[in-house]
Structure formats: C-alpha cells, structure tokens
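**Q** Quick note, our numbering runs 10 ahead of the 1-based positions in the sequence shown.
Even glycine gets a Cβ: it sits at the ideal position worked out from N, Cα and C.
Structure incoming, see below.
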Amino acid sequence: MRALVIVDAANVVGSVPDGWWRDRRGATERLRDRLVSCAAEGLAGHPGPLDIILVVEGAARGVESVPGVRVEESPGSGDDRITELVAETQERTRLVITADRELRRRVVELGAEVTGPRAVVGDR
11 MRALVIVDAA
21 NVVGSVPDGW
31 WRDRRGATER
41 LRDRLVSCAA
51 EGLAGHPGPL
61 DIILVVEGAA
71 RGVESVPGVR
81 VEESPGSGDD
91 RITELVAETQ
101 ERTRLVITAD
111 RELRRRVVEL
121 GAEVTGPRAV
131 VGDR
C-alpha cells in the first residue's frame, strides 16, 4: 500500500517568503504543482509513488485536484481536517508535512510521521 502524505498547505506556503500573501490561491496552486513530482518520485525515506493530499483552507479554497495530488478543502480549521485524515487512515504509513508544533504533536500521537516544509519546497 502506498504511503499517504498529507500537506498542510497554509503552513508550507507560509514558510516561503515569496509574496504568497498577495495571492494565497496562486501560491497554493504552485505548491500543488510541485507536489506532482513528489507523488511520482517520492520523498526522502518514502519512495514513490505516493498518495498526496493537500489540505487547504481560507483564501486557498477552490484550488482543484490534479493527477497525483488530491486537494481537500477544510470547512474550518485545516489542522483539524489533517488530524481527521490521519485518524481515518490508521492502516497505512502517514507522513504529515507541516512546521506547526501543535499539529505535529496531534498527528504523532496518532502514529503519523512528520517532516517540515523543506521536504517539498527546499531552501528557497
């Protein structure tokens, strides 16, 4: 079974000081597009192919899924939706990408692995 990677879009987009605040949706679409190659090729410690879910909230709602990356709109807190997804998928390896300390704590308690935004955005 493929590993599941759940990406905290707001946190990862916010980790790159590239003017994302002027166009949150556009920044999220750029992240989504970068994730397509990660789905095919994998990430450090997690060979591809991977199933990737990009969790969006707020102004980033409306970003569409593409082959390799499913976009999940959170009706409220993105952190709550990510925690729900981790809890719903206990039977597989789960990797959450975020720098949010409280979210990291919550998902690790549910057995997920965690890594920071650099796993997908590098040192930009």
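Can you list, in chain order, the residues of its chain with a C-beta nearer than 6 Å to that of A122? Leave out the 5 residues immediately preceding and following it.
**A** These residues qualify, in order along the chain: V96, R104, V106.
**Q** Here's the rule: buried if 16 or more other CB atoms are within 10 angstroms of the residue's CB, otherwise exposed. What is V79?
**A** Buried.
**Q** Straight-line CA distance for R32 to V23?
**A** For R32 and V23, the distance between alpha carbons rounds to 12 Å.
**Q** Looking at C-alpha atoms only, which residue of P77, E83, V130, V76 is the closest neighbour of A70?
**A** When each option's Cα is compared against that of A70, the closest is E83.
**Q** Are the CB atoms of R102 and G14 within a distance shorter than 7 Å?
**A** Note that residue 14 is Leu in the sequence shown here, rather than Gly. Contact flag set, yes.
**Q** Could you have a look at D90 and say whether DSSP puts it in helix, strand or coil?
**A** Residue state, collapsed to three classes: helix.
**Q** Give the range of the beta strand (DSSP E) segment to which T125 is assigned.
**A** Run containing T125: 123-125, per the beta strand (DSSP E) assignment.
**Q** Could you round the C-beta distance between A20 and E67 to whole angstroms and report it? I think they count as a contact, below 8 Å.
**A** About 6 Å; that satisfies the 8 Å criterion.
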